[in-house]
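Colleague: I have a structure I would like to understand better, so I am pasting it below and will then ask my questions one at a time.
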Amino acid sequence: MPGFEIFGDEERKEVQDVLETGVLFRYGFDAVRGGHWKARSFEAELARKVGVEHCHLCSSGTSAVSLALAACGVGAGDEVIVPPFTFVATIEAVLLAGAVPIFADVDETLCLDPAAIEKAIGPRTKAVMPVHMCGSMARIDQIADLCKKHDVRLIEDTAQAVGATFHGRGLGSFGDMGCFSFDAVKTITCGEGGATVTNDSRLHEIATQYADHGHDHAGADRGADEHPILGTNYRICELNAAVGLAQLRKLDRIVEIQRGHKNKLKAALSQYAEISFREIPDPEGDSATFLTFFLPNEARAREASAELAKAGVDGCFYWYDNNWHYIRKWNHFREMRSSAPLPQSLLAKIPDLGGEHLEQSNRVVGRAISMLIKLSWTEADTDERIRRMAGVFA
Ligand SMILES: Cc1ncc(COP(=O)(O)O)c(C=O)c1O
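Per this note's numbering, the sequence shown starts with residue 10, numbered consecutively.
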C-alpha cells in the first residue's frame, strides 16, 4: 500500500506552509497561522471523497477505531463481532475499550461472513466491526442490513481500503462510523494518522471531544472549553496532516495505477488451473492494493509462497503463518497477556480469544496468498514478474 512511493514536491509544499507559520497545532492560533488549517482541509476533502457529512482526522488508525468505539458507546462488557483476519489493532482497540471481541468466520471475500455474524449476535452484542482487508470490501450491504435488523452498531475498519467503493459508494460510509489509517504503509500516508467518518453529527461530536481530552471546542479560548466527557489525546499534528493532504489529492491516481498493474497480473495468473481468486463483491470498487489468490490447499499455498520468494517475486504474503494479521499467532490475546490486568479479567466468564471454532476461516486464509501491488513498477517490471510467476505455476 504504497503512498510513500510517490512522496514529492506536493507534500513538501504543504509541510512548508506549516513550517513557515510555526503553528504545528490543529486548534487555535487563528491570527498567526496564515490561513493554513491542514487537518481541517484534509477532513473536508476526505469527507467529500467518501461521501459523508463528517470526518475527524486523528493520530492513527488505531486511535480512529478507539474513537469509533467510544462514540458508539461501546464499553465495559459489551461484545463486538470481529474477524480473525485483520491487523491486531482492531482487536486491541476493542479490548482496551473494556469490551469483548467475539470472533466470527471470514469467507472468500477475506472479510466477515454475514451468516457467521448472524450466528454470533447475542444479547450483549453492541457492534459489528467488519474489516475491509487488503484494499477490497466485505459484503457490506448484507452486513449493514443485518446490523439494522438486530439494532446493533456497525463500525467499518476501513484502514486498508481508502479509495475503495461498493457500487459507487465509499467504504466507511455504510456504518455508523468508518475508520481509516494513514500510517507509513497505507495507500496514502500522513507518516502517522487516521480518521473517523460518519453521517451522524452526534457521533462526530463525541469522537472529536474524546480525541482531545473531552474539549467541547465551543469557543476560540481552549482554556475556557468545557469537558462534557472524559477523553484522551488522539490529536494529529499539522505537519502530519499536511503530508496527508497532498497524498489525498493523489489518491485517484494511485488507485488507477494499482488497478492497471493488478488487472495485468490477474489476467496472467488466470491461465493456471490451480489458481482461483478472492471474491470481490464489487470488482469495480476494488482499490487494488493487493492481488489475492487461492491455491487448492494449505500445503500447496505454503509451498507456492516459498517458491515465489525463491523466484524473486517479492511482496507475496502468506497470512496464515503471519504474526500480525491472523488469529493463529495471537497468543498474547489468547493468554490475555498485558502490562496490567485487563478489565475483561473481572468478567464472570473470561472471553474465548483463541478462535478454535474458526474452521471456515482456517480453510480460506490457509489457501490464500496476497501479492502487494507497487506504484513504481514499469511495464518491464510487471512483464518480468509474470515470467517469474510462470516458473512457479506453469
Ligand atoms: C485493519 C487495520 N486496522 C487498524 C490499523 C491501525 O492503523 P495504524 O497503524 O494507523 O494505527 C491497521 C494498520 O495496519 C489495519 O491494517
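All C-beta atoms in this analysis are idealised placements derived from N, C-alpha and C, irrespective of residue type, glycine included. Please read all numbers here as calculations on a predicted model, not as lab measurements.
For a minimum of 4 consecutive residues, which ranges assigned as the alpha helix (DSSP H) are wholly contained in the region 106 to 160?
Modeller: Whole alpha helix (DSSP H) segments, 4+ residues: 123 to 129 and 149 to 159.
Colleague: Report the residue from ILE266, SER75 and GLY37 whose alpha carbon sits nearest the alpha carbon of CYS67.
Modeller: Among ILE266, SER75 and GLY37, the Cα nearest to that of CYS67 is on SER75.
Colleague: Excluding the 5 residues flanking ALA251 on each side, which residues of the same chain have their C-beta closer than 6 Å to its C-beta?
Modeller: Only GLU23, VAL24, VAL27 and LYS47 meet the Cβ criterion.
Colleague: Can you give the Cα-Cα distance for ILE130 and PRO352, rounded to whole angstroms?
Modeller: When rounded, the distance between both Cα atoms is 22 Å.
Colleague: In or out: GLU62 buried (at least 16 other Cβ within 10 Å) or exposed?
Modeller: Under this definition GLU62 is an exposed residue.
Colleague: Let's test the definition: count the other Cβ atoms within 10 Å of the Cβ of ASN249 and tell me whether it reaches 16, buried, or not, exposed.
Modeller: When all chains shown are included, ASN249 counts as buried.
Colleague: Checking the sheet assignment: what are the DSSP bridge partners for PHE286?
Modeller: Note: PHE286 sits in a beta bridge opposite PHE302.
Colleague: If you count every other CB in all the chains shown that lies within 10 Å of the CB of THR196, and 16 or more means buried, which is it?
Modeller: It counts as buried.
Colleague: Go ahead and label THR176 buried or exposed: buried means 16 or more other beta carbons lie within 10 angstroms of its beta carbon, across all protein chains shown.
Modeller: According to the sequence provided, residue 176 is His. The question's Thr does not apply to it. By the neighbour-count rule (16 or more Cβ atoms within 10 Å), HIS176 is not buried but exposed.
Colleague: Under 7 Å, do CYS188 and ALA73 count as touching if we go by C-beta distance?
Modeller: Yes, they are a contact pair.
Colleague: On the DSSP letters alone, give me the boundaries of the alpha helix (DSSP H) that ILE215 sits inside.
Modeller: Counting along the chain, the alpha helix (DSSP H) containing ILE215 begins and ends at 210 to 219.
Colleague: Please state if the CB of ALA125 and the CB of ALA113 are separated by a distance shorter than 7 Å.
Modeller: Contact flag set, yes.
Colleague: May I ask you to report which of helix, strand or coil DSSP gives LEU257?
Modeller: It is helical.
Colleague: Apart from the five residues just before and just after LYS157, which ones in its own chain have a Cβ nearer than 7 Å to its Cβ?
Modeller: There are no such residues.
Colleague: Apart from the five residues on each side of it in sequence, which residues of its chain come closer than 8 Å, Cβ to Cβ, to GLN369?
Modeller: Contacts found: ASP114, VAL115, ASP116, ASP122 and ALA125.
Colleague: Expressed to the nearest angstrom, what Euclidean distance is found between the alpha-carbon atoms of GLY172 and SER50?
Modeller: About 18 Å.
Colleague: Looking at the unbroken alpha helix (DSSP H) that takes in ALA77, where does it start and where does it end?
Modeller: Here the alpha helix (DSSP H) through ALA77 covers 70 to 80.
Colleague: Give the secondary structure of VAL206 by DSSP, where H, G and I count as helix, E and B as strand, and everything else as coil.
Modeller: The answer is strand: DSSP assigns VAL206 an E or B state.
Colleague: Would GLY44 be called buried (16 or more neighbouring beta carbons within 10 Å of its own) or exposed?
Modeller: Exposed.
Colleague: Compute the minimum distance between the beta carbon of SER379 and the heavy atoms of ligand 1, and state whether it is under 6 Å.
Modeller: No; taking the cut-off as 6 Å, the Cβ of SER379 has no heavy atom of ligand 1 nearer than that.
Colleague: Is the beta carbon of LEU254 sitting closer than 7 Å to the one on MET380?
Modeller: Not in contact: LEU254 and MET380 (Cβ atoms no closer than 7 Å).
Colleague: Specify which residues have a beta carbon nearer than 6 Å to any heavy atom of ligand 1, listing them in chain order.
Modeller: Matched residues: SER69, GLY70, THR71, VAL74, THR95, PHE96, ALA98, THR99, VAL140, ASP166, ALA168, GLN169, SER190, ASP192 and GLY203.
Colleague: Using only CA atoms, which one of ARG57, ILE266 and PRO93 lies nearest to GLY364?
Modeller: The option with the nearest alpha carbon to GLY364 is PRO93.
Colleague: In its own chain, which residues sit with a C-beta less than 7 Å from the C-beta of ILE414, not counting the 5 before and 5 after it?
Modeller: This structure cannot speak to residue 414, because the chain is shown only from 10 to 403.
Colleague: Going by the beta-carbon positions, is the gap between GLY294 and THR174 smaller than 7 Å?
Modeller: Cβ atoms of GLY294 and THR174: closer than 7 Å.
Colleague: Do the CB positions of SER69 and GLU283 come within less than 7 Å of each other?
Modeller: For SER69 and GLU283, no; Cβs fall outside 7 Å.
Colleague: Note down, one range per segment and in chain order, each beta strand (DSSP E) of at least 3 residues found wholly within the region 361 to 397.
Modeller: Listed in chain order, the complete beta strand (DSSP E) runs (minimum 3 residues) inside the region 361 to 397 are 377 to 381.
Colleague: PHE303 and ARG376: beta carbons closer than 7 Å?
Modeller: Closer than 7 Å, so yes.
Colleague: So MET138 and ASP166 are in contact, right, with Cβ under 8 Å, and what is the actual spacing, rounded?
Modeller: MET138 to ASP166, Cβ: 6 Å. Contact.
Colleague: Quick one: what's got a C-beta closer than 6 Å to GLY107's C-beta in the same chain, skipping five residues either side?
Modeller: If we look at GLY107 and ignore the five residues flanking it on each side, its Cβ neighbours are GLY84, ALA85 and PRO352.
Colleague: Can we count SER385 as close to ligand 2, meaning its CB is less than 6 Å from some heavy atom?
Modeller: As far as ligands go, the structure on display features ligand 1 and does not contain ligand 2.
Colleague: Tell me the residue span of the beta strand (DSSP E) that contains PHE38.
Modeller: Neither: PHE38 is in no beta strand (DSSP E) and is coded neither H nor E.
Colleague: Alpha carbon to alpha carbon, how far is LYS58 from LEU257? Give it in angstroms, no decimals.
Modeller: Each residue's alpha carbon lies about 9 Å from the other.
Colleague: Taking the Cβ atom as the reference point for each residue, do LEU119 and ARG287 lie within a distance shorter than 7 Å?
Modeller: Yes, these two residues count as a Cβ contact at 7 Å.
Colleague: Taking just the CA atoms, how far does ILE149 sit from ILE164?
Modeller: Those two C-alpha atoms are separated by around 11 Å.
Colleague: Per DSSP, what kind of secondary structure is GLY223 in: helix, strand or coil?
Modeller: Residue state, collapsed to three classes: coil.
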